[in-house]
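Engineer: Got a structure for you, questions after.
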Amino acid sequence: MPELPEVETVRRGLSPAMVGATFSRVTLRRPNLRFPFPERFAQRLEGATVTDLARRAKYLTAGLDTGETLILHLGMSGRFDVALPDGRNVSPGDFYLEGALGNAKHDHVVMAMSNGATVTYNDARRFGFMDLVPTLDLAGCKHFAAMGIEPLSEAMSPESLALLFRNKITPLKAALLDQRLIAGLGNIYVCEALHRAGLHPELPAGILAKDDGRPTMKARLLARMIRDVLTEAVAAGGSTLRDYAHTDGGSGSFQHAFRVYDRTGEPCSTKDCGGTIARIVQSGRSTFYCATCQPAKPGKPAVSRA
DNA sequence: CGGAAGACCTGAAAGC
DNA sequence: TGCTTTCAGGTCTTCC
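Numbering (my numbering), first residue to last: 1 to 306.
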């Protein structure tokens with residue numbers, strides 16, 4: 001489930017259960033997720049108090065009063081279920097509830113908190129992982145050292161986009177997915193941002209920069225559309241795919257606002273466009289776009305954009 | 001060095 | 001009704 005808006009939604013949902021609370025009991029139901037858990041993982045958490053819960057790109061970071069920071073990544077299918085002490089269950093940012101917490105299939109980590117909340121990590125595909133690093137080394141740790149700019153921060157500007165993409169022949173789609181350049185976008189929001197900007201996903205990334213490195217109009221447009229689509233998605237609580245019957249406020253709704261993602265064959269929603277959404281494969285992943293309002297040849301779109 | 005392809009997993013849906 | 005194939009929101013490793 002998780003690109004930046006979904007991870008941010010999870011962060012907000014997890015905060016009341018975790019920030020200020022102490023880990024009373026941490027149970028690992030298997031030795032690894034994508035990677036082995038760190039040495040003595042449960043013991044290092046138990047007794048530690050969470051001082052803050054933040055997000056960097058698609059990662060969650062829980063600062064602890066022990067001088068370590070817990071790093072959480074949801075992979076493709078990771079989610080958290082929270083059982084609150086008042087008996088309510090929520091699944092921040094995702095999915096539906098499926099029975100007793102800690103017993104459902106693929107519940108891999110169960111964290112009992114001092115405030116009575118139980119936070120359970122569930123991940124069918126186990127592409128997610130958890131790590132524990134010294135807080136002082138956080139920015140330089142292996143997960144973050146080479147990470148690109150935050151797309152919702154001041155660092156994300158037409159100027160920085162142009163400099164990052166300058167002289168690149170690689171397609172815009174691939175460049176936007178490269179977490180070393182911009183960190184937090186995934187397949188959905190890259191497709192959506194390119195559509196909003198009227199840019200064909202196979203255009204070379206270098207078209208965002210002029211010869212002198214200054215941003216082109218396309219760079220200005222794309223920077224705004226990236227910010228817009230992410231901001232709207234965060235406000236909608238992210239996107240929830242392949243789910244039904246959610247209860248408590250667990251799910252986001254931005255999937256209803258997709259204009260191209262997973263809409264192959266449907267009419268383009270751009271005003272007066274008349275095109276049809278197509279699907280191609282780029283570096284092994286689906287790309288959805290409208291060939292009419294995202295023309296392949298650099299030039300003006302076939303349709304004026306509001 | 002950059003970039004593409006493969007690998008890691010499970011499950012849902014589509015195809016036959 | 002099965003059985004097989006394809007595809008999925010990510011990213012780390014391997015191989016040019």
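C-beta: ideal position from N, C-alpha, C; glycine also.
#1: Does DSSP put V119 in a helix, a strand or coil?
#2: Can you tell which of T264, K173, L241 has its C-alpha closest to the C-alpha of Q255?
#3: Mind checking A57: buried by the 16 CB within 10 Å criterion, or exposed?
#4: With distances taken Cα to Cα, identify the nearest neighbour of T264 among P36, L28, I280.
#5: My understanding is that A54 touches M113, with C-beta atoms under 8 Å, so please give their C-beta distance in whole angstroms.
#6: Report the rounded CA-to-CA distance for E6 versus A209, giving the unit in angstroms.
#7: Terminal residues of the continuous alpha helix (DSSP H) containing P158?
#8: Starting from N290, trace the beta strand (DSSP E) both ways and give me its first and last residue.
#9: State the start and end residues of the unbroken beta strand (DSSP E) segment that holds A83.
#10: Assuming the contact rule is C-beta atoms closer than 8 Å, D107 and N122 should be a hit. Round their C-beta distance to whole Å, please.
#11: Using beta-carbon positions only, say whether M156 and R224 come within less than 8 Å of one another.
#12: Here's the rule I'm using: 16 or more other beta-carbon atoms within 10 Å means buried, otherwise exposed. How should Y244 be labelled?
#13: Express the C-alpha separation of R214 and S239 in angstroms, rounding to a whole number.
#14: Please work out which residues of its chain come closer than 8 Å, Cβ to Cβ, to R44, disregarding the five sequence neighbours upstream and downstream, and give them in chain order.
#15: Restricting to Cα atoms, I'd like to know which of I277, L14, D262 is closest to V119.
#16: Spatial neighbours of F196 within its chain, please: C-beta separation below 8 Å, excluding the five flanking residues on both sides.
#17: Could you check which residue in P92, A117, H73 has the C-alpha nearest to that of D86?
#18: On the CB-based measure, 16 or more other CB atoms within 10 Å of its CB, does K218 come out buried or exposed?
#19: Using the beta-carbon count (16 or more within 10 Å), is G274 buried or exposed?
#20: Can you tell me the Cβ-Cβ gap for T27 and V110, rounded? I've got them flagged as a contact below 8 Å.
#21: For the beta strand (DSSP E) containing E68, list its first residue and its last residue.
#22: Short of 7 Å in beta carbon distance, which residues of its chain neighbour A124, apart from the five on each side in sequence? Order them along the chain.
#23: Could you say which of L74, A104, K297 lies nearest to G198 if we only look at CA atoms?
#24: Here's the rule I'm using: 16 or more other beta-carbon atoms within 10 Å means buried, otherwise exposed. How should A104 be labelled?
#25: Assign I363 to one of three DSSP states: helix, strand, or coil.
#26: Which whole-angstrom value describes the C-beta separation of A183 and M130, a residue pair presumed to lie in contact below a C-beta threshold of 8 Å?
#27: Among F127, D137, A257, C268, whose alpha-carbon lies nearest the alpha-carbon of L319?
Structural biologist: Walking through what the data contain:
#1: Three-state result, V119: strand.
#2: That would be L241, whose Cα lies nearest to the Cα of Q255.
#3: Counting the other CB atoms within 10 Å of its CB gives A57 a total of 16 or more, which places it among the buried residues.
#4: By alpha-carbon distance to T264, the top candidate from P36, L28, I280 is I280.
#5: Their Cβ separation, rounded to whole angstroms, is 18 Å, which puts A54 and M113 out of contact at 8 Å.
#6: Rounded to the nearest whole angstrom, the CA to CA distance from E6 to A209 is 30 Å.
#7: Taken as a continuous stretch (DSSP letters only), the alpha helix (DSSP H) holding P158 covers 158 to 165.
#8: In the sequence on display, residue 290 carries Cys and not Asn. Bounds of the beta strand (DSSP E) holding C290 are 285 to 290.
#9: It spans 78 to 83 - the beta strand (DSSP E) in which A83 sits, taken as one unbroken run.
#10: Sure, about 5 Å apart at Cβ, within 8 Å.
#11: Taking 8 Å as the Cβ cut-off, M156 and R224 do not qualify as a contacting pair.
#12: Model confidence at Y244 stands at a pLDDT of 45, short of 50, so the residue's coordinates are unreliable; what they give is reported in the following sentence. The residue in question, Y244, is exposed, as its Cβ has fewer than 16 Cβ neighbours within 10 Å.
#13: Taking the Cα positions, S239 is about 34 Å away from R214.
#14: Correct list, in chain order: P38, T66, E68, L132.
#15: Of the candidates I277, L14, D262, the one whose C-alpha sits nearest the C-alpha of V119 is L14.
#16: First, the residue type needs correcting, since residue 196 is Arg and not Phe in the sequence shown. Same-chain partners within the cutoff: M225, D228, V229, R259.
#17: Just measuring C-alpha positions, the residue of P92, A117, H73 sitting nearest D86 is A117.
#18: Label assigned to K218: buried.
#19: Of the residues assessed, G274 falls on the exposed side of the cut-off, its CB having fewer than 16 other CB atoms within 10 angstroms.
#20: Yes, they are in contact, since the Cβ atoms of T27 and V110 sit about 4 Å apart, within 8 Å.
#21: Judged by DSSP secondary structure, E68 falls within the beta strand (DSSP E) whose first and last residues are 68 to 73.
#22: Cβ contact annotation for A124 (same chain, cutoff 7 Å, sequence separation greater than five): S77, H106, in chain order.
#23: Distances from the CA of G198 to each of L74, A104, K297 were compared; the closest alpha carbon is that of K297.
#24: The residue is exposed, with fewer than 16 neighbouring Cβ atoms inside 10 Å.
#25: This structure gives no information on residue 363, because the portion of the chain shown stretches from 1 to 306.
#26: Wrong, their Cβ atoms sit about 19 Å apart, outside the cutoff.
#27: Nothing about residue 319 can be read from this structure; the chain reaches only from 1 to 306.
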